[in-house]
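Going by this note's numbering, the sequence shown opens with residue 1, and the numbers climb by one from there. By construction, the Cβ of each residue, glycine as well, lies at the ideal position given by its N, Cα and C atoms.
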Amino acid sequence: MTSKISANRKQQRLNQKLNVEDYHHPKEKTNQLLELEFSKCFNFHKKNVLEIFGGEEGYLTAFYKSRGADVTSLTKSQHKSSFDYVYQLRADRKKFGLIDIDSYGYPDKFFPIVFELMEESCLLIFTFPIVGINCVNGIMQQHFYTFYRGIPTIGDVVGQVTDWGLREWFLAKLVDVKKIKRIYRFVFSCERQKATEFCNVKNR
Ligand SMILES: C[S@@+](CC[C@H](N)C(=O)[O-])C[C@H]1O[C@@H](n2cnc3c(N)ncnc32)[C@H](O)[C@@H]1O
């Protein structure tokens, strides 16, 4: 049983490495963005976009560029690991109006730092893998406990992102979440808050 699961996992890793479309669902992700444009009047036009885990093929990069956006796409070949490069962007005080985290694994390690890379108003989009309860091994279970205090529901993810955002005085509001096979794509609109107004206190 264990060896069958690990063989599947090895195959999954290989397919991810080979960028097999069925493993990163570029068409479905793009369709969600199109729906947001048409049904919710989202405007991607000329946004300053940061794509974390941009990938060498860059399907989402192509979508954002087709809308006239200025895209900083973090690829392994150009920027090495996105996990490290986000700290370079922070050190350079870079700010973005849309941040898309499209990793294969969990995006948790990019929180709360992504809130420090946001313009006053920013769209936050990220990919979140859905793990079948039977596939949760001990390490993944501990990961979930560390970040979410349990196996997270959609509501748990929303609550946690809201808390992470408020650490940097951003109010994150869920605008869309779409299930695409074994992933969710979450979309939040994030607005910087003035601490005094948010807390209704006066600075003396
Ligand atoms: C889900 S795919 C991204 C697809 C891409 N956003 C697109 O629309 O075509 C994840 C990509 O991140 C790359 N990757 C894996 N580990 C990485 C890392 N540590 N830093 C940056 N990129 C990484 C993978 O090679 C893969 O191309």
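Cβ contact (3+ pairs, closer than 8 Å) linking the segment 57-65 and the segment 27-41: The answer is yes - the segment 27-41 touches the segment 57-65, with three or more Cβ pairs under 8 Å.
Buried or exposed by the 16-neighbour rule on C-beta atoms within 10 Å, applied to Phe38: In the sequence shown, counting from the first residue as 1, residue 38 sits at position 38. Exposed, by the Cβ-count rule.
Are there three or more Cβ pairs, one per stretch, closer than 8 Å when the segment 159-168 is compared with the segment 83-102? No, the segment 159-168 is not in contact with the segment 83-102.
Nearest-angstrom Cβ-Cβ length linking Lys47 and Ala69, presumed shorter than 8 Å: Position 47 of the sequence shown holds residue 47. Position 69 of the sequence shown holds residue 69. Right, their Cβ atoms sit about 5 Å apart.
Straight-line CA distance for Leu124 to Thr72? Position 124 of the sequence shown, counted from the first residue, corresponds to residue 124. Position 72 of the sequence shown, counted from the first residue, corresponds to residue 72. Answer to the nearest angstrom: the Cα atoms are 15 Å apart.
Is Phe110 near ligand 1 - that is, is its Cβ less than 7 Å away from at least one heavy atom of it? Here residue 110 refers to the residue found at position 110 of the sequence shown. Incorrect: Phe110 has no Cβ contact closer than 7 Å to ligand 1.
Just tell me which of Phe170, Ile183, Phe188 has its CA closest to the CA of Glu197. Residue mapping note: residue 197 aligns to position 197 of the sequence shown, counting from 1. It is Phe170.
Is Lys76 near ligand 1, going by C-beta to nearest heavy atom under 7 Å? As a first step, residue 76 must be located in the sequence shown, where it is residue number 76. Yes.
Are there any heavy atoms of ligand 1 lying less than 7 Å away from the beta-carbon of Phe44, as far as the coordinates show? On the sequence shown, residue 44 is found 44 positions in, with the first residue counted as 1. Phe44 Cβ: outside cutoff for every heavy atom of ligand 1.
Excluding the 5 residues flanking Phe110 on each side, which residues of the same chain have their C-beta closer than 7 Å to its C-beta? Counted from its first residue, the sequence shown places residue 110 at position 110. So the list reads Ile52, Val86, Ile101, once near-sequence residues are dropped.
Please name the residue, chosen from Val131, Leu74, Glu56, that lies closest to Ile99 on a Cα-to-Cα basis. Taking the sequence shown and counting its residues from 1, one reaches residue 99 at position 99. That would be Leu74, whose Cα lies nearest to the Cα of Ile99.
Just to confirm before moving on: does the CB-CB distance between Phe126 and Phe83 stay below 8 Å? Against the sequence shown, residue 126 aligns to sequence position 126. Against the sequence shown, residue 83 aligns to sequence position 83. Their beta carbons are not under 8 Å apart, which means Phe126 does not touch Phe83 by this criterion.
Output the boundary residues of the alpha helix (DSSP H) element that contains Phe198. For this step, residue 198 is matched to residue 198 along the sequence shown. Unbroken alpha helix (DSSP H) run through Phe198: 195-198.
For a test of your reading of the model: does the CB of Pro26 fall under 7 Å from any non-hydrogen atom of ligand 1? Yes or no. For the purposes of this step, residue 26 is taken as the residue at position 26 of the sequence shown. Checking every heavy atom of ligand 1 against the Cβ of Pro26, one is found closer than 7 Å.
From Gln193 to Gly55, what does the alpha carbon distance come to, in whole angstroms? The sequence position of residue 193 within the sequence shown is 193, counting from 1. The sequence position of residue 55 within the sequence shown is 55, counting from 1. The straight-line gap from Cα to Cα measures roughly 33 Å.
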